[in-house]
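Read in order, the letters of the sequence shown correspond to residues 0 to 54 in our numbering. From the three backbone atoms N, C-alpha and C, an ideal C-beta is built for every residue, glycine too. A short worksheet on the structure shown next.
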Amino acid sequence: MALLDTILRALVTLNGFMTSPFVLLVLAFVGAYLGAKVVEVIPFTRRIIERREAQ
Numbered sequence: 000m001a002l003l004d005t006i007l008r009a010l011v012t013l014n015g016f017m018t019s020p021f022v023l024l025v026l027a028f029v030g031a032y033l034g035a036k037v038v039e040v041i042p043f044t045r046r047i048i049e050r051r052e053a054q
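Written as structure tokens, this is what we have:
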């Protein structure tokens, strides 16, 4: 039961952080940055971007 209590306490703490607007803003910026990097790495989307730039 002690392990379950520890896990539940950690989840409640994380939930408190995730509802903070500052943490959500940081996560949004990190997600946008990683999304842009993933789009550049995927070959299919890279070809689409190169075609648009060539026009």
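- For Thr5, the enclosing alpha helix (DSSP H) has its first and last residue at Ala1 to Met17.
- DSSP places Ile48 in the helix class (H, G or I) of the three-state scheme.
- If you check the CB distance, Phe28 and Val22 do not come in under 8 angstroms.
- For a cut-off of 8 angstroms, the C-beta gap from Glu39 to Arg45 is around 6 angstroms, short enough to register as a contact.
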